[in-house]
Amino acid sequence: MFGKSSAKLETVIGADSKITGELEIQGTVRVDGSVEGDIRADWVIIGETGRIRGNVQARMMVVGGRIDGNIDASEIVELKDKAQIFGEICTAKLTVTEGALFDGQSSMKRKKETSEGQVATLLASRTAS
Numbered sequence: 047m048f049g050k051s052s053a054k055l056e057t058v059i060g061a062d063s064k065i066t067g068e069l070e071i072q073g074t075v076r077v078d079g080s081v082e083g084d085i086r087a088d089w090v091i092i093g094e095t096g097r098i099r100g101n102v103q104a105r106m107m108v109v110g111g112r113i114d115g116n117i118d119a120s121e122i123v124e125l126k127d128k129a130q131i132f133g134e135i136c137t138a139k140l141t142v143t144e145g146a147l148f149d150g151q152s153s154m155k156r157k158k159e160t161s162e163g164q165v166a167t168l169l170a171s172r173t174a175s
């Protein structure tokens with residue numbers, strides 16, 4: 047799902063589970079149940095039955111369920127055909143599959159590879175022109 051560089055699945059929140067509170071997880075979490083609160087993890091997978099009411103911060107996300115909150119992903123967010131997002135998405139790459147519902151705003155992050163020195167050089171060359 048995330049390619050060869052992904053970590054193994056370390057945490058699963060089952061379909062009949064409900065968690066209230068903040069979650070901070072090292073590695074990958076899959077949510078098939080309900081979470082009320084913010085989630086911070088390396089990778090987040092929201093199954094079709096998964097529901098989150100809160101904000102999510104991760105490197106990569108795949109969403110098949112519903113999120114009522116904001117998403118901040120440093121690398122990529124992928125919305126599957128049954129995904130329902132009500133909030134803002136901020137990420138470097140966004141993929142939306144036909145059928146997904148996204149009600150909110152999106153903003154794109156700049157790549158981390160760009161250093162401050164490169165930006166300063168670029169700005170200086172533009173003002174010199």
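If you're matching positions, the sequence shown starts at 47 in my numbering and goes up one per residue.
Ideal Cβ placement from N, Cα and C applies to all residues, glycine included.
The structure presented is a predicted model; accordingly, all values stated were derived computationally and were not measured.
Would you kindly check if the distance between the Cβ of residue j and the Cβ of residue i is under 8 angstroms?
i      : j      : result
Gly110 : Phe132 : no
Thr74  : Ala87  : yes
Val102 : Val90  : yes
Leu125 : Ala138 : no
Glu70  : Gly83  : no
Val77  : Gly96  : yes
Arg99  : Ala119 : no
On the three-state DSSP scale, how would you describe residue i?
i      : result
Glu144 : coil
Ser63  : coil
Glu82  : strand
Arg156 : coil
Lys50  : Low local confidence applies: a pLDDT of 45 at Lys50 is under 50, so the model's placement there is unreliable, with the coordinate-based value given in what follows. Here Lys50 sits in coil by DSSP.
According to DSSP, which residues form a beta bridge with residue i?
i      : result
Asp149 : Phe132
Glu70  : Arg86
Thr176 : Given that the chain is displayed from residue 47 to residue 175, the structure contains no residue 176 and the question cannot be resolved.
Arg97  : Ser80, Arg112
Whole runs of the beta strand (DSSP E) within the region 112-138, excluding any shorter than 3 residues: 112-114, 117-125, 130-132
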